[in-house]
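Quick note on this note's numbering: the sequence shown kicks off at 82 and runs consecutively. Even glycine gets a Cβ: it sits at the ideal position worked out from N, Cα and C.
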Amino acid sequence: HLLGAAGAIEAAICALAIRDGFYPPTINNENPDPECDLDVVPNKGVQGPIRAAISTSLGFGGHNGVIALKAYN
Numbered sequence: 082h083l084l085g086a087a088g089a090i091e092a093a094i095c096a097l098a099i100r101d102g103f104y105p106p107t108i109n110n111e112n113p114d115p116e117c118d119l120d121v122v123p124n125k126g127v128q129g130p131i132r133a134a135i136s137t138s139l140g141f142g143g144h145n146g147v148i149a150l151k152a153y154n
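Shown next as structure tokens:
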């Protein structure tokens, strides 16, 4: 585990996803709830426009952080 660096890595991946227009996959979601209508991008990433992303990090001892990223035009 990257401990304190995990949030920075996740934020960097969000920035790359926005830049490259690539939705990373949600893995290990073998049995999605049919009542949940979220598009979770199962098992394989998808190309498409991404204008913004939110990265949330929940740390040990209640340390939490959130960053919102948006494409710069």
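Cα-Cα, which of the options is closest to residue i?
i            : options                        : result
tyrosine 153 : Ser138, Gly140 and Ala134      : Ala134
lysine 151   : Gly102, Leu83, His82 and Ile90 : Gly102
Using DSSP's beta-bridge definition, name the partner residues of residue i.
i          : result
lysine 151 : Ala133
Going by the CB atoms, is the gap between residue j and residue i shorter than 8 Å?
i             : j              : result
isoleucine 99 : isoleucine 131 : yes
alanine 92    : serine 136     : yes
proline 105   : glycine 126    : yes
valine 121    : proline 115    : no
Tell me whether residue i is buried or exposed, calling it buried when 16 or more other Cβ atoms sit within 10 Å of its Cβ.
i           : result
glycine 88  : buried
cysteine 95 : buried
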